[in-house]
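Chains as they are written, first to last, in the numbering used here: chain F, 1 to 110; chain H, 1001 to 1115.
Even for Gly, the Cβ is constructed at its ideal location relative to N, Cα and C.
Note that the structure is a prediction, hence the values are computed from the model and not measured.
Everything on this sheet refers to the single structure shown next.
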Amino acid sequence: QKEVEQDPGPLSVPEGAIVSLNCTYSNSAFQYFMWYRQYSRKGPELLMYTYSSGNKEDGRFTAQVDKSSKYISLFIRDSQPSDSATYLCATYSGTYKYIFGTGTRLKVLA
Amino acid sequence: ETGVTQSPTHLIKTRGQQVTLRCSSQSGHNTVSWYQQALGQGPQFIFQYYREEENGRGNFPPRFSGLQFPNYSSELNVNALELDDSALYLCASSPGSPSMNTEAFFGQGTRLTVV
């Protein structure tokens, strides 16, 4: 079993839709959770960084962590074509290593 | 504040050769990590450097080695290149010590192709 599981997609939605991206993780000791956005042939860009359970909102983005079910989510409101990218979830293991999911490819259709 | 910069952006090498990739960390960041991202996969942790010493290593063979310099910049060296080493190599920097659990900020990556 992978430590972080993520559906690779692709996920296609119309412009303006609410997008829900999800990951599951296996180790209940993980406490820090990140979402990165990666455009084609570019490096990952940090979107959200959360600690433990709960919600965190930043503009059109909301990150949600449910530690009881080991489930993390990223919601994008009013999605735009410019949101089309691969979204990577990640968690922090111990003191040095980020563990990433495989990434979900998102296409927002104009 | 400058971000993480990596060089070169693209590189083509022949199997068996050696390669050096370079990274300048974001201003004020003293922890540098390297990741390998194969096509269609998430980044895989190679190793991390803090205060010029290796602080942790992923499941990569010894032919992957690195350095961190006093100005916190870093190099990734790969010897005896194999075809499977073809990937996007990402450098990430973080402020503070690794135990502070801070965010990692990535560079644009170096795309290495081994032929």
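Distance CB(residue i)-CB(residue j) smaller than 8 Å
i                       : j                       : result
residue 1102 of chain H : residue 1096 of chain H : yes
residue 80 of chain F   : residue 15 of chain F   : yes
residue 40 of chain F   : residue 109 of chain F  : no
residue 1077 of chain H : residue 1066 of chain H : yes
residue 1150 of chain H : residue 1099 of chain H : The requested residue 1150 of chain H is not part of the displayed model; chain H covers only 1001 to 1115.
residue 32 of chain F   : residue 96 of chain F   : no
Closest Cα partner of residue i within the set the options
i                       : options                        : result
residue 74 of chain F   : F:43, F:19, F:100, F:25        : F:19
residue 77 of chain F   : F:26, F:21, F:96               : F:21
residue 1072 of chain H : H:1083, H:1033, H:1085, H:1020 : H:1033
residue 1024 of chain H : H:1105, H:1115, H:1100, H:1114 : H:1105
residue 1036 of chain H : H:1069, H:1061, H:1051         : H:1061
residue 30 of chain F   : F:56, F:3, F:9                 : F:3
residue 1026 of chain H : H:1092, H:1052, H:1055, H:1069 : H:1092
residue 1006 of chain H : H:1107, H:1067, H:1015         : H:1107
residue 23 of chain F   : F:109, F:64, F:96, F:47        : F:64
residue 1053 of chain H : H:1070, H:1008, H:1063         : H:1070
residue 69 of chain F   : F:60, F:98, F:25               : F:25
residue 1086 of chain H : H:1068, H:1063, H:1094, H:1115 : H:1115
residue 62 of chain F   : F:47, F:42, F:52               : F:47
residue 1049 of chain H : H:1113, H:1031, H:1004, H:1011 : H:1031
For residue i, the residue or residues it bridges with in DSSP
i                       : result
residue 1070 of chain H : DSSP output for residue 1070 of chain H lists no bridge partner at all.
residue 1014 of chain H : For residue 1014 of chain H, which the question treats as bridged, DSSP gives no partner whatsoever.
residue 107 of chain F  : F:12
Residue i CB to nearest heavy atom of the ligand PLP below 7 Å
i                       : result
residue 1038 of chain H : Among the components modelled here there is no ligand, and therefore nothing to report on the ligand PLP.
Closer than 8 Å is the cut-off here; do at least three beta carbon pairs connect the segment 79-91 of chain F with the segment 36-45 of chain F?
Enough Cβ pairs lie closer than 8 Å, so yes.
| request: Examine the Cβ distances between the segment 1024-1043 of chain H and the segment 95-106 of chain F and report whether three or more of them are shorter than 8 Å. | output: Under the three-pair Cβ rule at 8 Å, the segment 1024-1043 of chain H counts as touching the segment 95-106 of chain F.
- Query: Does the segment 1068-1084 of chain H come within contact of the segment 1013-1033 of chain H, defined as at least 3 CB pairs closer than 8 Å?
  - Reply: They touch, by the three-pair rule.
Start-end ranges of the beta strand (DSSP E) lying completely within the segment 1016-1053 of chain H, minimum 3 residues: Runs of beta strand (DSSP E) with 3 or more residues, each lying fully within the segment 1016-1053 of chain H, are found at 1019-1024, 1029-1037, 1044-1050, listed in chain order.
Which runs of the alpha helix (DSSP H) fall wholly inside the segment 15-78 of chain F and span at least 4 residues, in chain order?
Entirely contained in the segment 15-78 of chain F, not one alpha helix (DSSP H) run reaches 4 residues.
Against chain C: residues of the segment 39-54 of chain F by CB proximity under 9 Å: The structure shown contains no chain C; its protein chains are F and H.
Taking only runs of the beta strand (DSSP E) that begin and end inside the segment 1074-1112 of chain H, which ones reach a length of at least 3 residues, in chain order?
Note on the segment 1074-1112 of chain H: whole beta strand (DSSP E) runs with a minimum of 3 residues are 1074-1078, 1087-1095, in chain order.
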